[in-house]
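Colleague:
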Amino acid sequence: MLVLGDAHASEPDRRETLLELYRAVDPAAVLQLGDLEYYDLPAPTWFVAGNNEDLDVIEALRAGEEPPEADGVHLLASTVADVDGLRVAGLSGNYAPTKYDCPRDKLEADRRRHFTREDVERAAELDDVDVLLTHEAPTGLLSYGYDPGCEHVDALLEALSPSLCLVGHHERHREAEIAGVDVVSLAPAWERYYTLEGDVDEGGLRLEGHDHAFGPDASD
Numbered sequence: 011m012l013v014l015g016d017a018h019a020s021e022p023d024r025r026e027t028l029l030e031l032y033r034a035v036d037p038a039a040v041l042q043l044g045d046l047e048y049y050d051l052p053a054p055t056w057f058v059a060g061n062n063e064d065l066d067v068i069e070a071l072r073a074g075e076e077p078p079e080a081d082g083v084h085l086l087a088s089t090v091a092d093v094d095g096l097r098v099a100g101l102s103g104n105y106a107p108t109k110y111d112c113p114r115d116k117l118e119a120d121r122r123r124h125f126t127r128e129d130v131e132r133a134a135e136l137d138d139v140d141v142l143l144t145h146e147a148p149t150g151l152l153s154y155g156y157d158p159g160c161e162h163v164d165a166l167l168e169a170l171s172p173s174l175c176l177v178g179h180h181e182r183h184r185e186a187e188i189a190g191v192d193v194v195s196l197a198p199a200w201e202r203y204y205t206l207e208g209d210v211d212e213g214g215l216r217l218e219g220h221d222h223a224f225g226p227d228a229s230d
């Protein structure tokens, strides 16, 4: 399975890098961690919305619609899906303290990018989750001289106890064990792609990072 961090594919060069990864890896399924920004993709893709998206497309996907510009993508918004033998759940959006207690249907314009208390509570009720996707990080994973993590993601780790949690937004690779869960912050898609293999019950899951040379933003 192909796994990708932030893509920011509304930018033409980064969109071409994203599509070249799909062509090169030719995956049967893809997991993506938000800030996708382009939704007409050549392989089935399950993703969480980030804080930079076409929010009209995201809201249509939340409502169960299939907009023509979003062919082959599946939004994980406090929902779970069976993907290549794994139960994959996702919490879409980023955290804003002033909007957390708002009803989702009261969020307007670009504030629709945030998750709310009801989103977190609905996600916490999901069953048998193997992999959790979030755009926000839990606490204890990253540091900028302060911890940018979100305690509501911590609560989800404790409630769901997935085997693996994958994180976007911060665009740097970091790993930690938090609340007994292996948590990985992913590098962006223009620097690295990842593959996920294995079985939860037989040997565990193996996430492997791969540098690539696609596009002008690629690492040396």
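Just so we're aligned: the sequence shown equals residues 11 to 230 in this note's numbering. From the three backbone atoms N, C-alpha and C, an ideal C-beta is built for every residue, glycine too.
1) Straight-line CA distance for Ala147 to His179?
2) Is the beta carbon of Leu43 less than 7 Å from the beta carbon of Leu143?
3) Throw me the rounded Cβ distance for the Arg122 and Ser88 pair, which I believe falls under 8 Å.
4) Following the continuous alpha helix (DSSP H) through Asp129, name the residue where it begins and the one where it ends.
5) Please name the residue or residues paired with Leu41 in a DSSP beta bridge.
6) Which residues in the same chain as Val40 place their Cβ atom closer than 6 Å to its Cβ, once the five residues preceding and following it in sequence are excluded?
7) Just the C-alpha distance for Glu30 and Arg182, rounded to the nearest angstrom, thanks.
8) Between the Cα of Glu63 and those of Asp120, His162, Ala73, spot the shortest distance and give me the residue it belongs to.
9) Quick one: what does DSSP say Val210 is sitting in, helix, strand or coil?
Modeller: With the structure as the only source:
1) Residue numbering aside, residue 147 sits at position 137 when the sequence shown is read from its first letter. Residue numbering aside, residue 179 sits at position 169 when the sequence shown is read from its first letter. Approximately 8 Å between the Cα atoms of the pair.
2) The residue labelled residue 43 in the question sits at position 33 within the sequence shown. The residue labelled residue 143 in the question sits at position 133 within the sequence shown. Yes. Within cutoff.
3) Counting from 1 along the sequence shown, the entry for residue 122 is found at position 112. Counting from 1 along the sequence shown, the entry for residue 88 is found at position 78. The pair is not a contact, with the Cβ atoms about 14 Å apart (cut-off 8 Å).
4) Here residue 129 refers to the residue found at position 119 of the sequence shown. From DSSP, the alpha helix (DSSP H) with Asp129 extends over 127-134.
5) The count along the sequence shown starts at 1 and reaches residue 41 at position 31. Beta-bridge pairing links Leu41 to Val13, Trp56.
6) Numbered from its first residue, the sequence shown carries residue 40 at position 30. Around Val40: Leu12, Ala53, Thr55.
7) The residue labelled residue 30 in the question sits at position 20 within the sequence shown. The residue labelled residue 182 in the question sits at position 172 within the sequence shown. Rounded to whole angstroms, Glu30 to Arg182 spans 21 Å at the Cα level.
8) For the purposes of this step, residue 63 is taken as residue 53 along the sequence shown, with counting starting at 1. The candidate whose alpha carbon is nearest that of Glu63 is Asp120.
9) Here residue 210 corresponds to residue number 200 of the sequence shown, with the count starting at 1. Looking at Val210 - three-state DSSP - the assignment turns out to be coil, as it is neither helix nor strand.
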